[in-house]
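Structure first, then comments.
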Amino acid sequence: MDARKIAEAHLEAWRNADPAAVAAAVTGFQDPDTAGWLSGDALAAHAAAVLDRFRNPRLQVEQVTGDADAVTVWWTIEADHRGSYLGMPGVGGVVRIAGTDLVTAEGRVRRSFDRLAVAEALGYRAAFVPAADEVYEFGVSARAASSRTDRPGAFTLTWLEVGDPAEAAEVDLLSVEIVKGLRTSKGFLGVATFDIGDRKYTLAAFDRPESVRAVHARPHQRAVRRFFKAGLCARALTGVLIPEAIREYARCADCGTVVRLGDGAACGCGWTPGDVPLL
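The numbering of the sequence shown is my numbering, which starts it at 253 and goes up by one.
What follows is the structure, encoded as structure tokens:
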């Protein structure tokens, strides 16, 4: 077979968002998101998943080199991000992906593109963490503070155990809505989130225990229903923690003296630390 004709048919199938045609055009396909070579129904399923995440593909061929035995195609695709990808929730943005296809006369296609570049195009910054060992699991974190600097009178701790990147992305979207709701709550002081292994943790601070009922706003209720009624996540833990003591310290940049906040103390050179949000 002619590699150029195979490449044309394969790209046209992607351009038309037709998973069956993608699979029919080649004998084998591999890209950074496959665990190896795919063909037939497995390839059609992979193409369908890609096209569900990235809708309405606008594919442009930049350059083609080679001959009837093998060709390399340089391409760019713009698509609408609608489904989760590598744990990144689909929020409707447009992503532009550049890559290459190496196509052989046997009908095999090896697709290459930079997944980090895709993440950056979706507004994400890569964060590399070590692999888990027998003691530790590692992850990433985030925080959303209010302008208040009160010492917390209560914390809430929640973790959810997610099953796959798609579920993780859904939890992230729900978490964003919950935090938006909390920020309008009078008693809310701040929140920190941690992704470690397959668990997503949320630690929120409130001025007093009575303010914790603010977490029962509508976004939180929606997340609770998703867990109990719709099969979201495998396990969950939630609790309210009342601090016995909270101590905060700051170091003077000039003399190096450590000063405890909250009692009006100052260092030897007269510096007094200002209050900052605890979370």
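Glycine included, C-beta positions come from ideal geometry on N, C-alpha and C.
All values derive from a computational prediction rather than experimental measurement.
Chain-order list of residues whose beta-carbon lies under 6 Å from that of residue i (same chain, five-residue window excluded)
i	result
Ser463	Gly439
Arg284	The question names Arg, but residue 284 is Pro in the sequence shown. For Pro284, where only same-chain residues beyond five positions count, the Cβ hits under 6 Å are Arg367.
Ala299	Pro271, Val274
Ile349	Ile329, Phe365, Val370
Trp411	Arg451, Tyr453, Leu489
Glu429	Pro471
Val278	His262, Gly359, Val361
Chain-order list of residues whose beta-carbon lies under 7 Å from that of residue i (same chain, five-residue window excluded)
i	result
Val510	Tyr501, Arg503
Arg477	none
Three-state secondary structure (DSSP) of residue i
i	result
Phe380	coil
Pro404	coil
Phe390	coil
Val528	coil
Pro271	helix
Trp326	strand
Asp332	strand
Ser364	strand
Asp447	strand
Asp353	strand
Pro309	strand
Glu372	helix
Glu314	strand
Arg256	helix
Glu470	At residue 470 the sequence reads Arg, which differs from the Glu that was named. Correct three-state label for Arg470: helix.
Ala533	Residue 533 falls outside the range modelled here, since the chain spans only 253 to 531, and no answer is possible.
Outcome for residue i when other beta-carbon atoms lying within 10 angstroms are tallied against a minimum of 16
i	result
Gly342	buried
Cys485	buried
Gly415	exposed
Ala517	exposed
Gly442	buried
Met253	exposed
Cβ shell of residue i (< 8 Å), same chain only, five flanking positions each side left out
i	result
Val346	Glu330, Ala331, Asp332, His333
Ser399	Pro529
Ala373	Val347, Arg348, Ile349
Strand pairing of residue i, partner residues [DSSP]
i	result
Trp411	Tyr453, Leu489
Leu434	Beta-bridge pairing links Leu434 to no other residue.
Ala396	Val443
Glu281	A small fix is needed here, since residue 281 is Phe in this sequence, not Glu. Its beta-bridge partners are Leu290, Val361.
Ala502	Val511
For this session: Evaluate contact between the region 446-462 and the region 359-366, counting only Cβ atoms and requiring at least three cross-stretch pairs below 8 Å.
Result: The region 446-462, when compared against the region 359-366, does not touch it at the 8 Å Cβ threshold.
Exercise. Are the region 289-306 and the region 264-273 touching by the rule of at least three beta carbon pairs closer than 8 Å?
Worked result: yes
For this session: Specify whether the region 386-405 and the region 348-363 touch according to this definition: at least 3 beta carbon pairs, one from each stretch, less than 8 Å apart.
Result: no
Exercise. Do the region 347-356 and the region 311-331 meet, that is, are 3 or more Cβ pairs less than 8 Å apart?
Worked result: yes
Exercise. Can at least three beta-carbon pairs, one atom from the region 486-495 and one from the region 404-411, be found at a separation below 8 Å?
Worked result: At 8 Å Cβ cutoff, the stretches touch.
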